[in-house]
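Protein chains in written order, with the working numbering: chain A, 176 to 554; chain B, 514 to 771; chain C, 11 to 330.
Beta carbons are placed, not taken as given, at the ideal position from N, Cα and C, and that holds for glycine.
Treat the numbers as computed from the prediction; the structure is a model and nothing was measured.
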Amino acid sequence: MDFKLSEEQELIRENIRELVKKYLDPIAVEIDESSRYPAEVIEQLAAGGWMGMPYPVEYGGAGLDYVSYAMVIEEISRSCAATGFTVSCHTSLASGPIFNFGNEEQKQKYLVPLAKGQHIGAFAVTEPGAGTDVGAATTTATLDGDSYVLNGIKTFTSNGPVADTFVVFAFTDKSLGGKGLSAFIISKDNPGLKVGQHFYKMGIRASQTSEIILKDCRVPREDLLGKEGQGLQIAMSSFDHGRIGIAAQAVGITQAALDESISYSKQRVQFGKPISKNQAIQWMIADMATDIAAARFLYSYAAFLKDQKQPFTKEAAMAKVFAAEMSTRHTSKAVQIHGGYGYIKGQKVERLMRDAKITEIYEGTSEAQRMVIAGNLLR
Amino acid sequence: MPRIIACYKWVVDEAYIRTDSSPELDLEYADKKMSDYDRNAIEAAMQLHEKYGGSVAAITVGHPDDTKGVKDALSRGPEKAYFINDPSFENLEPAQTAAILADVVTAKTEYDLIICGEGSSDLYAQQVGPRLAELLDIPCVTMVSKIELAGEQLIAERKVDDGIETVSLSLPALLTVLPDINSPRIPGLRDTLAASKKPVIEIVKDELSGDFTPCLQVLASFKANMERNGQKLSDEAADIALLLDTLQSKGIIARGVK
Amino acid sequence: MAGIWIFAEDYEHNLELIQGGKELAQKLAGKIVVILPYNSGNDEKAHDCIARGADEVLYLPPLTEDGDFMACIPLIVAEALQEKPDIFLIGSSLRGKELAARIAARLNTGLCSDCISLKPSNDNQSLIMERLIFGGAAVQRVAIPTRPQMATIPPRLFFPAAVQEGRTGNIRELPPAPPSKVKILGKKTRTHESAALTEARILLCAGRGVEKEEDLSLVRELADLLGAEIGCTRPISDEMHWLPEECCIGLSGIQVKPELYIGIGVSGQIQHITGIRDARIICSINNDENAPIFAVSDYAIQGDLYKVLPLMIEGLKKSK
Numbered sequence: 176m177d178f179k180l181s182e183e184q185e186l187i188r189e190n191i192r193e194l195v196k197k198y199l200d201p202i203a204v205e206i207d208e209s210s211r212y213p214a215e216v217i218e219q220l221a222a223g224g225w226m227g228m229p230y231p232v233e234y235g236g237a238g239l240d241y242v243s244y245a246m247v248i249e250e251i252s253r254s255c256a257a258t259g260f261t262v263s264c265h266t267s268l269a270s271g272p273i274f275n276f277g278n279e280e281q282k283q284k285y286l287v288p289l290a291k292g293q294h295i296g297a298f299a300v301t302e303p304g305a306g307t308d309v310g311a312a313t314t315t316a317t318l319d320g321d322s323y324v325l326n327g328i329k330t331f332t333s334n335g336p337v338a339d340t341f342v343v344f345a346f347t348d349k350s351l352g353g354k355g356l357s358a359f360i361i362s363k364d365n366p367g368l369k370v371g372q373h374f375y376k377m378g379i380r381a382s383q384t385s386e387i388i389l390k391d392c393r394v395p396r397e398d399l400l401g402k403e404g405q406g407l408q409i410a411m412s413s414f415d416h417g418r419i420g421i422a423a424q425a426v427g428i429t430q431a432a433l434d435e436s437i438s439y440s441k442q443r444v445q446f447g448k449p450i451s452k453n454q455a456i457q458w459m460i461a462d463m464a465t466d467i468a469a470a471r472f473l474y475s476y477a478a479f480l481k482d483q484k485q486p487f488t489k490e491a492a493m494a495k496v497f498a499a500e501m502s503t504r505h506t507s508k509a510v511q512i513h514g515g516y517g518y519i520k521g522q523k524v525e526r527l528m529r530d531a532k533i534t535e536i537y538e539g540t541s542e543a544q545r546m547v548i549a550g551n552l553l554r
Numbered sequence: 514m515p516r517i518i519a520c521y522k523w524v525v526d527e528a529y530i531r532t533d534s535s536p537e538l539d540l541e542y543a544d545k546k547m548s549d550y551d552r553n554a555i556e557a558a559m560q561l562h563e564k565y566g567g568s569v570a571a572i573t574v575g576h577p578d579d580t581k582g583v584k585d586a587l588s589r590g591p592e593k594a595y596f597i598n599d600p601s602f603e604n605l606e607p608a609q610t611a612a613i614l615a616d617v618v619t620a621k622t623e624y625d626l627i628i629c630g631e632g633s634s635d636l637y638a639q640q641v642g643p644r645l646a647e648l649l650d651i652p653c654v655t656m657v658s659k660i661e662l663a664g665e666q667l668i669a670e671r672k673v674d675d676g677i678e679t680v681s682l683s684l685p686a687l688l689t690v691l692p693d694i695n696s697p698r699i700p701g702l703r704d705t706l707a708a709s710k711k712p713v714i715e716i717v718k719d720e721l722s723g724d725f726t727p728c729l730q731v732l733a734s735f736k737a738n739m740e741r742n743g744q745k746l747s748d749e750a751a752d753i754a755l756l757l758d759t760l761q762s763k764g765i766i767a768r769g770v771k
Numbered sequence: 011m012a013g014i015w016i017f018a019e020d021y022e023h024n025l026e027l028i029q030g031g032k033e034l035a036q037k038l039a040g041k042i043v044v045i046l047p048y049n050s051g052n053d054e055k056a057h058d059c060i061a062r063g064a065d066e067v068l069y070l071p072p073l074t075e076d077g078d079f080m081a082c083i084p085l086i087v088a089e090a091l092q093e094k095p096d097i098f099l100i101g102s103s104l105r106g107k108e109l110a111a112r113i114a115a116r117l118n119t120g121l122c123s124d125c126i127s128l129k130p131s132n133d134n135q136s137l138i139m140e141r142l143i144f145g146g147a148a149v150q151r152v153a154i155p156t157r158p159q160m161a162t163i164p165p166r167l168f169f170p171a172a173v174q175e176g177r178t179g180n181i182r183e184l185p186p187a188p189p190s191k192v193k194i195l196g197k198k199t200r201t202h203e204s205a206a207l208t209e210a211r212i213l214l215c216a217g218r219g220v221e222k223e224e225d226l227s228l229v230r231e232l233a234d235l236l237g238a239e240i241g242c243t244r245p246i247s248d249e250m251h252w253l254p255e256e257c258c259i260g261l262s263g264i265q266v267k268p269e270l271y272i273g274i275g276v277s278g279q280i281q282h283i284t285g286i287r288d289a290r291i292i293c294s295i296n297n298d299e300n301a302p303i304f305a306v307s308d309y310a311i312q313g314d315l316y317k318v319l320p321l322m323i324e325g326l327k328k329s330k
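Written as structure tokens, this is what we have:
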């Protein structure tokens, strides 16, 4: 057991903090208000090797362990949860399945530019009628000669409007249920793929989300990811990885709420003393710090298991549900500590409270996480 | 193709002293960091390397535990590091540091240019660079804000109190650089991971041959007390009027507009 | 009589060091030797130094053809090896600091950089000196076992020495300097904004709390009313480039000693505080109750600078 970060990990954390402070902190309010994609920050992250962290150097990545990767997502999210998610979604959900299930040609063609940050990735599984129930999807892929023809509408596709490479799920054989789902890699240049409606969200507003419309979208056979019928397995595996990132994101959001609460409560004077002298405030801050520490250990443990090549599905779900729920709870407390000021636009805690909520919803709702955990315990 | 040595110091982060509430100067649990000005020194070396080729090595004197500092330095670009360490090398005074560096630089390295920061962010004595130059008997220019190389000649701009001097000197030479010479890059992820794999030449005390007795004895170190009995005022009109009145009655500011 | 040696680039600074030397000479008996830059046969300054306390004045030779001031180092070193001064005080200008460190290395002796206090030890055998470390957060008290005991001294640690009637002393010129390995190709003289700041009686300092460059006009208006100079913290000069670098107050910028300092939206990083510690009155305006500058302020205005500055301007206009 070792709870101490290595010297290398400490340096990585210091460097990402410095980068985020220099490039992301100054624009975090603006990109939230305008729902703007921070392309200039993503460029900086790409230049520093932060867009393909866990993938091997030969595929354009940095060869980083997953514990450190999650730590970096936490640090980015501490400044701007939307950017933290853009990186996490690009890395875990979009690049991950190509690394884990792609063949060598697919890795060279798609993973290398993704891991280098030259391309941005998106992951299109959700449909208007198929959220947690992935099997309810209606998008189909029909083999026609040397290519599949995809038809359907994907919704809530994170990074959709800015992605170069999409991992898209469609039924090659609907009659087989889950076993008929397959995954495809599609370039944004494919004329059959169109970015549909953009969504303007409550939180993580700088993260870009849209519909993806597939109309007679011809995908060459070599861009089938994994085997026909492996889609559900690929999706679930991607979510397992992604959840570690979301747990880390939730911890980053809550850590920021704690930072803000400590600083504000020490300077806000009411009844002749800083409100930090009040036990009511002290208890909120103590609880916040305790839950953050617990959630950080949970996601680090799930990532550690992943690094050890052990099963980590249950632990990733535990980390995500715990981190997400404590994040919504404590960001609300942080607004409470700030009183009226916390309810004003431009205040960081106001943004944090809106940003936190999504962590309970995407990449599997809290309810879905409990299904996963219970399913693992009761089988 | 200059062979450059960039000197750095791994120092206590002074931010710790501010946040530590005890009245004593207790540094046992203080974090350490790359001395601020030495980031500029290493960056200056790397920029010259990128422009003119050659090589860059980092060198430091410190405690054997300061291995994170070696990784930090290497993540900023140098291809190797000289890590001169001994448990007694923790709190050296500038004359000792310069003597140890001179000993190692002479015995173990080949160089054309040595670059130091203008001072260290802990002691800020601004001595090691110029002292090292004298011990090596090479030309020295301090407070440099611009460097260009033309063969064996080096052209630099150095800050003096009444302006900027442009100077020329021949290599080998030593420069100390100001923070405004560059903005140090933030090491990328691959740079940090690659740093652990670069060669580190460790040099222990037994391998040194000089006399390193201190020329400066530290009698005491304590927290600076700069506190004043501040009178608290609000931004209300009455308070501001009171302040102006007080300053005027003390004769600090004139009554009436000049 | 081993002596106390003094050198400062700036003549005023030199007179301050003579005063420091005189105070030490009362306890640590020794003659005071002042080193002056070459002055082409005009001995007015040398006689002035003698009248103010110097026992001997050493002229440096004219600058060598290449113009490098540091060419004089070997001459000073040779003279010191022969005369064996006990103490050597050097004004801590940028050149002064380099000169001091290089001479100290040649003489294999200790140097207290930017010394802020020096007094004789109890047995009057040596100097006890203090200097700031960790960006001004701590003080180090040091002694130098080797000789000469060297120190660089910032401006205005002492008042300039006063003229005494009937003093006499020697004037000597050092031999020509060997050619320097560093050649001066050119020089750009800087505008003396920093001189105005270091001399200012009232000084306003703009910090990060000032939101926009245009808002500096508010600071300027107040400065005009007070007859004050305007300085700034490092972010304002280095990151925002609203004011020139010469206006930056702090450890690595300029150090000031005004009668009144008003920090406007200055949080009070330790490096900045170190630059203003000798101000007679420190007044600060900040909306953060925990701003470190409040701990070192005589008047701590917690509030909105955009409310306070107009009130001050209005108040000053009214008091006419």
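### Query
Within 10 angstroms of its Cβ, does methionine 514 (chain B) collect 16 or more other Cβ (buried), or is it exposed?
In the second sequence, residue 514 (chain B) corresponds to position 1, counting from 1. Counting Cβ neighbours within 10 Å, methionine 514 (chain B) comes out exposed, since fewer than 16 surround it.
### Query
What's the call for methionine 547 (chain B), buried or exposed, on a 16-neighbour Cβ count within 10 Å?
Translated into the one-based positions of the second sequence, residue 547 (chain B) becomes position 34. Burial call: buried.
### Query
Going along the chain, which residues of the region 278-311 of chain C sit with their C-beta nearer than 7 Å to a C-beta in chain A?
Asp298, Glu299, Asn300
### Task
Give the DSSP bridge partners of proline 607 (chain B), in chain order.
In the second sequence, counting from the first residue as 1, residue 607 (chain B) sits at position 94. Looking at the DSSP assignment, proline 607 (chain B) forms no beta bridge with any residue, so it has no partner.
### Query
How should valine 306 (chain C) be labelled, buried or exposed, when 16 other C-beta atoms within 10 angstroms of its C-beta is the threshold for buried?
The residue labelled residue 306 (chain C) in the question sits at position 296 within the third sequence. Looking at its Cβ environment, which holds 16 or more other Cβ atoms inside 10 Å, valine 306 (chain C) is buried.
### Task
With DSSP as the reference, label histidine 373 (chain A) as helix, strand or coil.
By 1-based counting over the first sequence, the position of residue 373 (chain A) is 198. DSSP places histidine 373 (chain A) in strand when its eight states are reduced to three.
### Message
Beta-carbon within less than 6 Å of cysteine 485 (chain B)'s beta-carbon, same chain only, minus the 5 sequence neighbours each way: which residues are those?
### Response
Nothing can be reported for residue 485 (chain B), as the shown portion of chain B is limited to 514 through 771.
### Query
To which residues of the same chain is methionine 11 (chain C) closer than 6 Å at the C-beta, ignoring the five residues directly before and after it?
In the third sequence, residue 11 (chain C) corresponds to position 1, counting from 1. In this predicted model, methionine 11 (chain C) has a pLDDT of only 46, less than 50, meaning its place in the structure is not dependable enough to derive any value.
### Task
Would you tell me roughly how many angstroms separate the C-alpha atoms of isoleucine 236 (chain A) and phenylalanine 276 (chain A), rounded to the nearest one?
Start at 1 with the first residue of the first sequence, and residue 236 (chain A) comes out as number 61. Start at 1 with the first residue of the first sequence, and residue 276 (chain A) comes out as number 101. Here residue 236 (chain A) is glycine; the residue named in the question, isoleucine, does not match the sequence. So the alpha carbons of these two residues sit roughly 17 Å apart.
### Assumed close pair glycine 590 (chain B), isoleucine 555 (chain B) - CB separation to whole angstroms, cut-off 8 Å
Residue numbering aside, residue 590 (chain B) sits at position 77 when the second sequence is read from its first letter. Residue numbering aside, residue 555 (chain B) sits at position 42 when the second sequence is read from its first letter. Glycine 590 (chain B) to isoleucine 555 (chain B), Cβ: 7 Å. Contact.
### Task
Could you tell me whether the region 460-467 of chain A touches the region 497-509 of chain A, using the rule of 3 or more Cβ pairs below 8 Å?
yes
### Query
Who are the near neighbours of phenylalanine 327 (chain A) in its chain, counting only those whose CB is closer than 8 Å to its CB and skipping five residues on each side?
Working through the first sequence from its first residue, we reach residue 327 (chain A) at position 152. Checking the sequence, you will find glycine at residue 327 (chain A) rather than phenylalanine. So the qualifying residues of the chain are Glu302, Ala312, Thr313, Thr314, Thr315, Ala345, Leu389.
### Query
Per the contact definition of three or more C-beta pairs closer than 8 Å, is the region 216-235 of chain C in contact with the region 261-268 of chain C?
no
### Query
With 16 other CB atoms within 10 Å as the buried threshold, where does tryptophan 523 (chain B) fall?
Counting from one through the second sequence, the residue named residue 523 (chain B) turns up at place 10. So tryptophan 523 (chain B) counts as buried.
### Task
Can you say whether tyrosine 271 (chain C) is buried or exposed, counting buried as having 16 or more other CB atoms within 10 angstroms of its CB?
Position 261 of the third sequence, counted from the first residue, corresponds to residue 271 (chain C). Buried, because 16 or more other Cβ atoms sit within 10 Å of the Cβ of tyrosine 271 (chain C).
### Query
So is arginine 418 (chain A) buried or exposed if we call it buried at 16+ other beta carbons inside 10 Å?
Here residue 418 (chain A) is taken as the residue at index 243 of the first sequence, counted from 1. Per the 10 Å Cβ criterion, buried.
### Query
How should isoleucine 519 (chain A) be labelled, buried or exposed, when 16 other C-beta atoms within 10 angstroms of its C-beta is the threshold for buried?
What you label residue 519 (chain A) is simply residue 344 of the first sequence in a count that begins at 1. So isoleucine 519 (chain A) counts as exposed.
### Any C-beta of chain C under 8 Å from that of valine 770 (chain B)
As a first step, residue 770 (chain B) must be located in the second sequence, where it is residue number 257. In this predicted model, valine 770 (chain B) has a pLDDT of only 48, less than 50, meaning its place in the structure is not dependable; the value taken from the coordinates is given anyway. It does; some Cβ of chain C falls within 8 Å.
### Query
Looking only at its own chain, which residues have a Cβ that is under 7 Å from the Cβ of serine 190 (chain C), when we skip the five neighbours before and after it?
Within the third sequence, residue 190 (chain C) is the residue found at index 180, counting from 1. Here the set comprises Thr74, Asp76, Asp78, Met80, Ala81.
### Message
Short of 9 Å Cβ to Cβ, which residues in the region 733-747 of chain B face chain C?
### Response
Ala733, Ser734, Phe735, Lys736, Ala737, Asn738, Met739, Glu740, Arg741, Asn742, Gly743, Gln744, Lys745, Leu746, Ser747
### Message
Tell me the rounded alpha-carbon separation between histidine 294 (chain A) and alanine 469 (chain A).
### Response
As a working note, residue 294 (chain A) is residue 119 in the first sequence. As a working note, residue 469 (chain A) is residue 294 in the first sequence. One C-alpha to the other measures close to 35 Å.
### Task
Could you tell me which of A:Ala432, A:Phe359, A:Leu289 sits nearest to lysine 508 (chain A), measuring between CA atoms?
To locate residue 508 (chain A), count along the first sequence from 1; it is residue 333. The shortest C-alpha separation from lysine 508 (chain A) is found at A:Ala432.
### Task
Could you tell me if valine 770 (chain B) is buried or exposed, where buried requires 16 or more neighbouring beta carbons within 10 angstroms of its beta carbon?
Translated into the one-based positions of the second sequence, residue 770 (chain B) becomes position 257. Low confidence applies here, because valine 770 (chain B) scores a pLDDT of 48, under 50, leaving its location unreliable; read the following figure in that light. Valine 770 (chain B) is exposed by the Cβ-count criterion.
### Message
At the 8 Å Cβ level, is aspartate 585 (chain B) part of the contact set with chain A, yes or no?
### Response
Within the second sequence, numbered from 1, the residue matching residue 585 (chain B) stands at position 72. It does: the Cβ of aspartate 585 (chain B) has a partner Cβ on chain A nearer than 8 Å.
### Test: glutamine 150 (chain C) CB closer than 8 Å to a CB of chain B
Position 140 of the third sequence, counted from the start, is the residue given in the question as residue 150 (chain C). Output row for glutamine 150 (chain C): interface = yes.
### Task
Measuring alpha carbon to alpha carbon, tell me which of A:Gln424, A:Val287, A:Ala256, A:Ala381 ends up nearest alanine 269 (chain A).
Here residue 269 (chain A) refers to the residue found at position 94 of the first sequence. Alanine 269 (chain A) has its Cα closest to that of A:Val287, out of A:Gln424, A:Val287, A:Ala256, A:Ala381.
### Query
Comparing alpha-carbon positions, which option in A:Leu552, A:Cys255, A:Gly514, A:Glu208 lies nearest serine 440 (chain A)?
To locate residue 440 (chain A), count along the first sequence from 1; it is residue 265. Comparing Cα positions, the closest option is A:Gly514.
### Query
Going by C-alpha distance, which of A:Tyr241, A:Trp225, A:Ser254 is nearest glutamate 205 (chain A)?
Here residue 205 (chain A) refers to the residue found at position 30 when the first sequence is read from its first residue. Minimum Cα distance to glutamate 205 (chain A) is reached at A:Ser254.
### Message
Considering only the alpha carbon of each residue, which of C:Val192, C:Arg218, C:Arg244, C:Thr178 lies closest to aspartate 65 (chain C)?
### Response
Position 55 of the third sequence, counted from the first residue, corresponds to residue 65 (chain C). Of C:Val192, C:Arg218, C:Arg244, C:Thr178, the residue nearest in Cα terms is C:Thr178.
### Message
Counting only beta-carbon separations shorter than 8 Å, does methionine 322 (chain C) have a partner in chain B?
### Response
Indexing the third sequence from 1 puts residue 322 (chain C) at position 312. For methionine 322 (chain C), the answer is yes, since a Cβ of chain B falls inside 8 Å of its Cβ.
### Query
Are the C-beta of glutamate 233 (chain A) and some C-beta of chain B separated by less than 8 Å?
On the first sequence, residue 233 (chain A) is found 58 positions in, with the first residue counted as 1. False, the Cβ-Cβ gap to chain B never drops below 8 Å.
### Query
Does DSSP classify arginine 62 (chain C) as helix, strand or coil?
Here residue 62 (chain C) refers to the residue found at position 52 of the third sequence. Arginine 62 (chain C): helix per DSSP, three-state reduction.
### Task
List the residues that DSSP assigns as beta-bridge partners of methionine 139 (chain C).
Within the third sequence, residue 139 (chain C) is the residue found at index 129, counting from 1. Per DSSP, C:Leu128, C:Val152.
### Query
For the beta strand (DSSP E) that tyrosine 595 (chain B) lies in, which residues bound it at each end?
By 1-based counting over the second sequence, the position of residue 595 (chain B) is 82. Taken as a continuous stretch (DSSP letters only), the beta strand (DSSP E) holding tyrosine 595 (chain B) covers 593-598.
### Query
When you compare only the Cα positions, how much space is there between glutamine 511 (chain A) and valine 426 (chain A)?
On the first sequence, position 336 is the one that residue 511 (chain A) refers to. On the first sequence, position 251 is the one that residue 426 (chain A) refers to. Cα to Cα, the separation comes out at about 19 Å.
### Query
With a cut-off of 8 Å, do at least 3 Cβ pairs link the region 677-689 of chain B to the region 564-581 of chain B?
no
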